[in-house]
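K.L.:
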Amino acid sequence: MQNVRQDDGRGWREATEEALYGPAGFYRGALGPAGPAGHFRTSVHASTLFAGAVAELLRRVDAALGEPAELAFVDMAAGRGELVSRVLQVLPEKTAVRVRACAVEKADRPADLDHRIEWRAEPPAGVTGLLFANEWLDNVPLDVVEIDADGVPRRVLVRDDGTETLDAAPLDAAHLRWLDAWWPLPPEPGLRAEVGSPRDEAWAAAVGTLERGLAVAVDYAHGRAARPPFGTLTGFREGRETAPVPDGSCDITAHVALDACAVTAGARVVAQRTALNALGVAAERPSLALASQDPAAYVRALTRAGEAAELTARGGLGDFGWLVEPVGLPAGALLVDVADHEEQ
Ligand SMILES: C[S@@+](CC[C@H](N)C(=O)[O-])C[C@H]1O[C@@H](n2cnc3c(N)ncnc32)[C@H](O)[C@@H]1O
Numbered sequence: 019m020q021n022v023r024q025d026d027g028r029g030w031r032e033a034t035e036e037a038l039y040g041p042a043g044f045y046r047g048a049l050g051p052a053g054p055a056g057h058f059r060t061s062v063h064a065s066t067l068f069a070g071a072v073a074e075l076l077r078r079v080d081a082a083l084g085e086p087a088e089l090a091f092v093d094m095a096a097g098r099g100e101l102v103s104r105v106l107q108v109l110p111e112k113t114a115v116r117v118r119a120c121a122v123e124k125a126d127r128p129a130d131l132d133h134r135i136e137w138r139a140e141p142p143a144g145v146t147g148l149l150f151a152n153e154w155l156d157n158v159p160l161d162v163v164e165i166d167a168d169g170v171p172r173r174v175l176v177r178d179d180g181t182e183t184l185d186a187a188p189l190d191a192a193h194l195r196w197l198d199a200w201w202p203l204p205p206e207p208g209l210r211a212e213v214g215s216p217r218d219e220a221w222a223a224a225v226g227t228l229e230r231g232l233a234v235a236v237d238y239a240h241g242r243a244a245r246p247p248f249g250t251l252t253g254f255r256e257g258r259e260t261a262p263v264p265d266g267s268c269d270i271t272a273h274v275a276l277d278a279c280a281v282t283a284g285a286r287v288v289a290q291r292t293a294l295n296a297l298g299v300a301a302e303r304p305s306l307a308l309a310s311q312d313p314a315a316y317v318r319a320l321t322r323a324g325e326a327a328e329l330t331a332r333g334g335l336g337d338f339g340w341l342v343e344p345v346g347l348p349a350g351a352l353l354v355d356v357a358d359h360e361e362q
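Those letters in the sequence shown? Residues 19 to 362, per my numbering, in order.
Below, the structure written as structure tokens:
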């Protein structure tokens with residue numbers, strides 16, 4: 019629990035915005051040539067099976083849309099463009115020629131990126147296709163609220179060295195409204211919540227760029243029934259979890275209230291393992307008979323099974339949530355049997 023002090027530090031939203039995206043921010047300078055991959059391992063980095071599954075999803079969206087003349091694939095918060103590059107590589111040529119491939123990123127375009135990929139600061143408006151955002155929303159800065167010693171919710175202020183105090187000013191009405199709707203906090207000193215409204219707004223704007231198609235956001239998530247009592251704000255540096263310090267030296271991330279972000283009537287959140295299974299990613303080991311018939315094929319299949327297991331693991335990447343938003347398409351038409359499986 020923190021003391022209440024005045025004029026000390028900034029809210030986490032403002033501090034994180036500068037620490038990640040300001041002129042000396044983590045996603046601008048400190049990352050080095052490897053980009054985000056040098057500091058943490060997303061599903062995109064874990065295995066090319068992930069991009070294969072996204073390409074399969076794009077193929078299904080294409081079919082549901084009736085194979086439009088221009089099929090957009092928007093890799094939202096694209097890092098170094100690894101996902102969109104791989105999706106283009108694995109699509110059949112007859113589909114790839116109709117694809118408008120876009121990487122949306124705050125960082126600069128990598129020098130060696132496939133020339134077919136548009137590198138943009140904002141998603142293109144009015145497109146038809148698939149917008150896919152892997153580990154974007156967890157990096158959209160937000161404010162943190164904590165219950166003080168008197169049971170009153172206060173905005174947490176943070177200095178550049180990461181030390182925190184509580185704001186003496188009353189919490190503003192918009193923060194209170196969001197907390198009431200999505201993350202009610204009992205008046206127990208020390209409980210914390212992350213106010214997700216900036217993410218809801220960012221996601222609604224991204225979904226709004228689709229004329230028709232599907233928007234998918236993938237992140238570590240929690241639902242209203244099981245919010246973490248002390249929040250999830252944390253830092254990452256060079257592959258290790260670290261204290262969140264808003265000085266540009268580390269990533270700052272918090273799990274996402276994906277249920278609050280949902281925009282369309284047909285939206286739902288499913289576990290990554292469910293979504294990937296529906297898209298054909300299976301962690302089954304090959305038969306031992308294959309080992310004697312075709313040892314090289316056996317080793318390849320074994321590697322694939324190991325990578326699929328990592329992408330779908332309980333307690334790991336398989337626990338990520340997929341927020342799936344159909345726009346002008348029937349719900350459920352794309353991830354087929356997902357409705358029959360576990361929802362998050
Ligand atoms: C955790 S990385 C994920 C990269 C990639 N999607 C992946 O899964 O490997 C988050 C990326 O989001 C980018 N980003 C954050 N907010 C953004 C925004 N509003 N527009 C475009 N890119 C953004 C950051 O620059 C960073 O490269």
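Note that beta-carbon positions come from the ideal geometry of N, C-alpha and C, so glycine has one too.
What are the boundary residues of the beta strand (DSSP E) that includes Asp-198?
P.N.:
Not the beta strand (DSSP E): Asp-198 falls in the alpha helix (DSSP H), residues 191 to 200.
K.L.:
Looking at the structure shown, is Thr-34 part of a helix, part of a strand, or coil, going by DSSP?
P.N.:
Looking at Thr-34 - three-state DSSP - the assignment turns out to be helix.
K.L.:
How big is the Cα-Cα spacing for Asp-132 and Arg-258?
P.N.:
Going by the C-alpha atoms only, they are around 31 Å apart.
K.L.:
Report buried or exposed for Ser-215, applying the criterion of at least 16 other Cβ atoms within 10 angstroms of its Cβ.
P.N.:
Looking at its Cβ environment, which holds 16 or more other Cβ atoms inside 10 Å, Ser-215 is buried.
K.L.:
Is the beta carbon of Arg-31 sitting closer than 8 Å to the one on Leu-209?
P.N.:
Result no, Cβ atoms of Arg-31 and Leu-209 do not sit closer than 8 Å.
K.L.:
Quick one: is Ala-275 buried, meaning 16 or more other Cβ sit within 10 Å of its Cβ, or exposed?
P.N.:
Buried is the call here.
K.L.:
Determine the extent of the alpha helix (DSSP H) in which Gly-324 is found, giving its start and end residues.
P.N.:
It spans 313 to 330 - the alpha helix (DSSP H) in which Gly-324 sits, taken as one unbroken run.
K.L.:
Is the segment 66 to 79 touching the segment 109 to 120, taking contact as three or more C-beta pairs under 8 Å?
P.N.:
With the cut-off at 8 Å, the segment 66 to 79 and the segment 109 to 120 touch.
K.L.:
How about the segment 336 to 351 and the segment 224 to 238: do they share at least three Cβ pairs that are nearer than 8 Å?
P.N.:
They touch, by the three-pair rule.
K.L.:
Go through the segment 95 to 119 residue by residue and report every complete run of the alpha helix (DSSP H) that reaches 4 residues or more, in order.
P.N.:
Here the runs fully enclosed are 100 to 108 and 111 to 114.
K.L.:
Give every residue of the same chain whose Cβ lies closer than 8 Å to the Cβ of Cys-43, excluding the five residues on either side of it in the sequence, and list them in chain order.
P.N.:
Residue identity check: residue 43 is Gly in the sequence provided, not Cys. Counting only Cβ-Cβ distances below 8 Å, and skipping sequence neighbours, we find Glu-36, Ala-37 and Gly-266.
K.L.:
Do you know whose CA, among Gly-226, Asp-312 and Phe-254, lies nearest Ala-143's CA?
P.N.:
Checking every option, the nearest Cα to that of Ala-143 belongs to Gly-226.
K.L.:
Leaving out five residues on either side along the sequence, give the residues of the same chain with a beta carbon under 7 Å from the beta carbon of Tyr-45.
P.N.:
Excluding positions up to five away in sequence, the list reads Leu-38, Tyr-39, Lys-124 and Ala-125.
K.L.:
If you measure from the beta carbon of Thr-113 to each beta carbon in chain B, is any gap under 8 Å?
P.N.:
Of the protein chains in the structure, only one exists, and it is not chain B.
K.L.:
Suppose the cutoff is 7 Å on Cβ atoms and the five residues either side in sequence are ignored; what does the same chain contact list for Asp-335 look like?
P.N.:
The amino acid at residue 335 is misidentified as Asp; the sequence shows Leu. So the qualifying residues of the chain are Ser-61, Ala-64, Gln-290, Glu-328 and Leu-329.
K.L.:
If you measure between the beta carbons of Glu-212 and Ile-165, is that distance less than 8 Å?
P.N.:
No, they are not a contact pair.
K.L.:
Could you check if Gly-99 is buried or exposed, using at least 16 other CB atoms within 10 Å of its CB as the buried criterion?
P.N.:
Burial call: buried.
K.L.:
Identify every residue that forms a DSSP beta bridge with Ala-139.
P.N.:
None; Ala-139 has no bridge partner.
K.L.:
With H, G and I counted as helix, E and B as strand and the rest as coil, what does DSSP make of Trp-154?
P.N.:
The answer is coil: DSSP assigns Trp-154 none of H, G, I, E or B.
K.L.:
For Arg-103, which residues from the same chain have a beta carbon less than 6 Å from its beta carbon, with the 5 sequence-adjacent residues on both sides left out?
P.N.:
One point to set straight first is that residue 103 is Ser, not Arg, in the sequence displayed. For Ser-103, where only same-chain residues beyond five positions count, the Cβ hits under 6 Å are Asp-132.
K.L.:
In the DSSP assignment, find the unbroken alpha helix (DSSP H) run with Gly-70 in it and report its ends.
P.N.:
Counting along the chain, the alpha helix (DSSP H) containing Gly-70 begins and ends at 66 to 82.
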